[in-house]
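**Q**
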Amino acid sequence: MSESRISLDLRSVCSCVASTLFEYYTPRIVHIKSKKVGFINRFLQLVILSYIIGYVIVYKKGYQEFDTCQSAITTKLKGVVFSNLSHLSDIGVRTWDVADYVIPPQEIGATFVMTNVIPTLNQTQSTCPEDPTIDGSFCIDDSSCPQGKILDKGNGPFTGKCVNSANEKSHVCEIYGWCLVEDDSRYKNMTDPVLFGSHNFTMFIKNNIEFPKFGVRRRNLPDVATNESTAFINNCTYNATDPQAKYCPFFRLDTIVQGAGYPYSAVAVEGGVIEVVINWDCNLDFSVDDCLPEYSFKRLDRGDYSISRGFNFRYADYYAVKENDTFKQYRNLYKATGIIFVINVQGKAGKFSIIPLLLNFGSGLALLALTTVICDLIVLYVLKAKKYYREHKYLLVESQESFQILHDDSDQGSHREVKRRHHNPSVGTSYEGHGTDT
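In full-length UniProt numbering, the protein residues as written are 1 to 438.
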């Protein structure tokens with residue numbers, strides 16, 4: 001009894017597995033005459049075709065293949081500024097030229113322009129009081145200054161002595177290092193930068209690019225030297241609102257900083273980082289001469305930081321003086337504050353190609369299958385006659401033995417009619433929807 005039951009269960013399991021494995025689905029076409037469904041179907045097809053043609057192919061230029069640019073940049077600055085700060089002996093009366101304020105002379109993809117400076121001249125290796133603004137520099141007696149100790153932000157090791165500070169207002173530890181140490185207290189109340197006239201400096205940016213896929217090379221200068229182009233380059237200055245001057249590669253520093261949305265005087269006092277973006281967006285289906293750059297500017301740092309605001313660094317120049325038949329080394333230390341201009345080049349070129357056009361059009365047409373899916377969902381699950389449509393949408397054929405083939409010969413020709421043995425023989429194999437969807 002149990003063995004027969006087990007055998008029966010195994011047979012039912014095998015039959016279920018076999019029926020699942022050996023099934024085949026084929027699409028069935030049902031013609032539904034419905035104004036609602038027909039309107040939704042045509043509307044969705046129109047939307048998808050509009051997306052394919054209007055957005056993918058026309059707006060996004062789906063008929064083109066693209067390439068990004070390879071770029072090289074060189075810069076050159078020109079300008080002279082005069083400063084008359086006789087009350088500051090380290091600066092005094094001085095004329096500054098490009099060799100003074102461009103540090104270093106050449107950088108890759110960037111240029112630093114010094115706009116403010118705190119010099120400490122004639123430093124030499126000797127002993128002197130530590131800077132009183134540094135934590136840990138104050139002392140009471142020599143025991144407060146252990147010999148050899150170096151503060152985290154100090155200027156040299158302690159000598160073991162407690163001495164008067166440079167302003168003689170307090171006692172600090174004595175150090176051995178480059179003396180006298182930097183003292184910026186005289187410059188804190190300055191509202192204008194030392195090189196305030198630097199806003200009139202001009203920067204020449206020379207940019208060469210190439211689109212290697214198309215073999216196109218361009219630069220932000222005229223390719224052919226004519227009298228007109230030569231006169232334009234020799235006299236132009238960048239102006240974003242002028243139809244010709246907006247392509248000029250000579251920029252006033254004031255124009256760049258104001259183009260980034262900041263007044264030049266505020267940035268020049270504490271320094272900053274300004275990005276110059278050169279964008280090449282070229283359509284090579286037209287003339288190559290129409291492939292021209294567009295310039296934009298933005299500030300990469302913010303001027304409202306409360307900690308480490310602006311941009312500055314220190315550098316020094318060294319020299320030696322002969323004293324008593326020996327040379328003694330000296331240096332001039334400069335705390336340079338200024339604007340670093342970071343130049344970024346980006347570009348894309350497109351040209352007609354049949355391959356991307358076919359790929360984009362073909363992949364877009366595949367979206368038309370969504371209309372069938374959406375309309376099926378509406379017909380089978382939303383309309384009032386959904387049960388009627390569902391009966392005509394799906395047909396279950398269990399096996400070949402469930403059907404018999406009848407051959408009827410008549411004057412109009414011969415055809416096959418499939419009848420079910422165990423179902424209502426009045427239901428045919430094709431249907432035309434006559435239900436209502438209201």
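The beta-carbon is built from N, C-alpha and C at its ideal position, and this holds for glycine as well. The structure presented is a predicted model; accordingly, all values stated were derived computationally and were not measured.
I'd like the list of long-range same chain contacts for P157, defined as Cβ closer than 7 Å, with 5 residues on each side in sequence excluded.
**A** Along the sequence shown, one-based indexing puts residue 157 at 157. Only G148, K149, I150, I175 and Y176 meet the Cβ criterion.
**Q** Would you mind reading off the limits of the alpha helix (DSSP H) that contains T372?
**A** Here residue 372 refers to the residue found at position 372 of the sequence shown. Note, T372: alpha helix (DSSP H), A369 to Y381.
**Q** G272: which of L284, V257, D281 and N279 sits nearest, CA to CA?
**A** To locate residue 272, count along the sequence shown from 1; it is residue 272. Checked all of L284, V257, D281 and N279; the closest Cα to G272 is V257.
**Q** Using the beta-carbon count (16 or more within 10 Å), is Y264 buried or exposed?
**A** As a first step, residue 264 is located in the sequence shown; it is residue number 264 there, counting from the start. Result: buried.
**Q** Report, in whole angstroms, the separation of the C-beta atoms of L367 and F201, which I expect to be a contact under 8 Å.
**A** Against the sequence shown, residue 367 aligns to sequence position 367. Against the sequence shown, residue 201 aligns to sequence position 201. Their Cβ separation, rounded to whole angstroms, is 56 Å, which puts L367 and F201 out of contact at 8 Å.
**Q** Given a threshold of 16 other Cβ atoms within 10 Å of its Cβ, counted over all protein chains shown, does V267 qualify as buried or as exposed?
**A** In the sequence shown, residue 267 corresponds to position 267, counting from 1. It counts as buried.
**Q** Given L180, which residues of its chain have a CB within under 6 Å of its CB, disregarding the five upstream and five downstream residues?
**A** To locate residue 180, count along the sequence shown from 1; it is residue 180. C128.
**Q** How long is the line joining the alpha carbons of R252 and H199, rounded to whole angstroms?
**A** Translated into the one-based positions of the sequence shown, residue 252 becomes position 252. Translated into the one-based positions of the sequence shown, residue 199 becomes position 199. Answer to the nearest angstrom: the Cα atoms are 7 Å apart.
**Q** Name the DSSP bridge partner or partners of E210?
**A** On the sequence shown, position 210 is the one that residue 210 refers to. Paired residues: Q70 and R217.
**Q** Based on Cα-Cα distance, which residue from K153, L359, N332 and T115 lies nearest to V98?
**A** Counting from 1 along the sequence shown, the entry for residue 98 is found at position 98. It is T115.
**Q** For the pair the region 135-146 and the region 355-375, tell me if three or more CB-CB distances fall below 8 Å.
**A** In short, these stretches do not touch, since the Cβ pair count stays below three.
**Q** Take D289 and list the residues in its own chain whose beta-carbon comes closer than 7 Å to its own, dropping the five residues that flank it on each side.
**A** Counting from one through the sequence shown, the residue named residue 289 turns up at place 289. Result list for D289: empty, nothing under 7 Å.
**Q** State the Cα-Cα distance for the pair Y388 and V379, rounded to the nearest angstrom.
**A** As a working mapping, residue 388 is identified with position 388 in the sequence shown. As a working mapping, residue 379 is identified with position 379 in the sequence shown. Distance between the alpha carbons of Y388 and V379 is about 10 Å.
**Q** Buried or exposed: which applies to G38, given that a residue is buried once 16 or more other Cβ atoms fall within 10 Å of its Cβ?
**A** The residue labelled residue 38 in the question sits at position 38 within the sequence shown. Counting Cβ neighbours within 10 Å, G38 comes out exposed, since fewer than 16 surround it.
**Q** Let me know the secondary structure DSSP gives E130 once reduced to three states.
**A** Sequence index remark: in the sequence shown, residue 130 carries index 130 (1-based). Note: E130 maps to coil in three-state DSSP.
**Q** With 16 other CB atoms within 10 Å as the buried threshold, where does R285 fall?
**A** Residue 285 sits at position 285 when you count from the first residue of the sequence shown. Reading off the sequence, residue 285 comes out as Asp, not Arg. The residue is exposed, with fewer than 16 neighbouring Cβ atoms inside 10 Å.
**Q** Checking 8 Å against the spacing of the C-beta atoms, do F297 and C69 come in under that value?
**A** Along the sequence shown, one-based indexing puts residue 297 at 297. Along the sequence shown, one-based indexing puts residue 69 at 69. Not closer than 8 Å, so no.
**Q** In terms of DSSP beta bridges, what is H87 paired with?
**A** By 1-based counting over the sequence shown, the position of residue 87 is 87. Its beta-bridge partners do not exist; DSSP assigns none.
**Q** Considering S296, what are the terminal residues of the beta strand (DSSP E) in which it resides?
**A** Counting from 1 along the sequence shown, the entry for residue 296 is found at position 296. Looking at the DSSP string, the run of the beta strand (DSSP E) that includes S296 is P293 to R299.
**Q** Determine the closest residue to T255 out of C375, G347, N239 and P249, with distance taken between C-alpha atoms.
**A** Translated into positions along the sequence shown, residue 255 becomes position 255. Measuring from the Cα of T255, the nearest candidate turns out to be N239.
**Q** Looking at G154 and E182, is the spacing between their C-beta atoms short of 8 Å?
**A** Here residue 182 refers to the residue found at position 182 when the sequence shown is read from its first residue. Here residue 154 refers to the residue found at position 154 when the sequence shown is read from its first residue. No, these two residues do not count as a Cβ contact at 8 Å.
**Q** Please name the residue in A349, Y51 and V102 whose C-alpha comes closest to that of C282.
**A** On the sequence shown, position 282 is the one that residue 282 refers to. Among A349, Y51 and V102, the Cα nearest to that of C282 belongs to A349.
**Q** Taking its Cβ as the centre, do 16 or more other Cβ atoms sit within 10 Å of C291, making it buried, or is it exposed?
**A** Your numbering for residue 291 matches position 291 in the sequence shown. C291 comes out buried.
**Q** How should E401 be labelled, buried or exposed, when 16 other C-beta atoms within 10 angstroms of its C-beta is the threshold for buried?
**A** Your numbering for residue 401 matches position 401 in the sequence shown. In this prediction, E401 scores a pLDDT of 48, lower than 50, which makes its location untrustworthy; the coordinate-derived value is nonetheless stated afterwards. Flag for E401 reads exposed.
**Q** If you pair each beta-carbon of the region 369-377 with each one of the region 39-50, do three or more pairs fall below 8 Å?
**A** A contact exists between the region 369-377 and the region 39-50.
**Q** Near V93, which residues of its chain fall below 7 Å by C-beta distance, leaving aside the five closest residues on each side in sequence?
**A** Counting from 1 along the sequence shown, the entry for residue 93 is found at position 93. Counting only Cβ-Cβ distances below 7 Å, and skipping sequence neighbours, we find N84 and S86.
**Q** Given D317, which residues of its chain have a CB within under 6 Å of its CB, disregarding the five upstream and five downstream residues?
**A** Against the sequence shown, residue 317 aligns to sequence position 317. For D317, where only same-chain residues beyond five positions count, the Cβ hits under 6 Å are N332.
**Q** When you compare only the Cα positions, how much space is there between P104 and F112?
**A** Mapped onto the sequence shown, residue 104 falls at position 104. Mapped onto the sequence shown, residue 112 falls at position 112. Rounded to the nearest angstrom, the two C-alpha atoms are 7 Å apart.
**Q** Measure how close the beta-carbons of G109 and V342 come, nearest whole angstrom, since I'm counting them as under 8 Å.
**A** Counted from its first residue, the sequence shown places residue 109 at position 109. Counted from its first residue, the sequence shown places residue 342 at position 342. Rounded, the Cβ-Cβ distance is 7 Å, consistent with contact.
**Q** Which of helix, strand or coil does DSSP assign to F313?
**A** The sequence position of residue 313 within the sequence shown is 313, counting from 1. Looking at F313 - three-state DSSP - the assignment turns out to be strand.
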